[in-house]
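Taking this note's numbering, the leading residue of the sequence shown gets 29, the next gets one more, and so forth.
Cβ atoms here follow ideal geometry from the backbone N, Cα and C, with glycine treated the same way.
Predicted model only: the values in this text are computed from it and were never measured.
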Amino acid sequence: MSGVELAVPFWLDRPGLEAIDVARAASDAGVDAVWIGEMATFDAFALATAIGLRAPEMPLKIGPLAVGVRGPVALALGVSSVAALTGNRVDIALGASSPAT
Numbered sequence: 029m030s031g032v033e034l035a036v037p038f039w040l041d042r043p044g045l046e047a048i049d050v051a052r053a054a055s056d057a058g059v060d061a062v063w064i065g066e067m068a069t070f071d072a073f074a075l076a077t078a079i080g081l082r083a084p085e086m087p088l089k090i091g092p093l094a095v096g097v098r099g100p101v102a103l104a105l106g107v108s109s110v111a112a113l114t115g116n117r118v119d120i121a122l123g124a125s126s127p128a129t
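Structure representation (structure tokens):
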């Protein structure tokens, strides 16, 4: 174990699938886990599934996800789906989101 974890980057000016290649390269380099957040690109659960299928030995960490966007059932279904489809360990981080203005 290297003790190193990687946050998968989201580049709006780059091909979307490049994030998967970055995660695969991180796995090959011995990174311990990848964090998959959610931005204006892929759904975090969909991207985590794609990464998990390409790097099956890599633990996945999804988040932080805004609890104001998804309810508890949707979050549980998303995480359990990624885990079942990839066979990977999946952790989730939740955030309170931005306060109303």
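To which residues of the same chain is residue i closer than 7 Å at the C-beta, ignoring the five residues directly before and after it?
i       : result
Ala-111 : Val-118
Using the Cβ count rule (16 or more neighbours within 10 Å means buried), how would you classify residue i?
i       : result
Leu-105 : exposed
Met-86  : buried
Measure the CB-CB distance between residue i and residue j and report whether it falls below 8 Å.
i       : j       : result
Asp-60  : Gly-31  : yes
Val-64  : Leu-81  : The sequence as given places Ile at residue 64; Val does not occur at that position. In this structure, Leu-81 does not lie closer than 8 Å to Ile-64 by Cβ.
Ala-83  : Ser-109 : no
Leu-122 : Leu-88  : no
Val-36  : Ala-51  : yes
Looking at the secondary structure, which residues open and close the beta strand (DSSP E) in which residue i lies?
i       : result
Pro-100 : That residue, Pro-100, is in no beta strand (DSSP E); its alpha helix (DSSP H) goes 100-114.
Gly-91  : 88-94
Which same chain residues end up closer than 6 Å to residue i when comparing Cβ atoms and leaving out the 5 residues on each side of it in sequence?
i       : result
Gly-96  : Ser-125
Ile-120 : Ile-90, Gly-91, Val-107
Which residues share a DSSP beta bridge with residue i?
i      : result
Asp-41 : Beta-bridge pairing links Asp-41 to no other residue.
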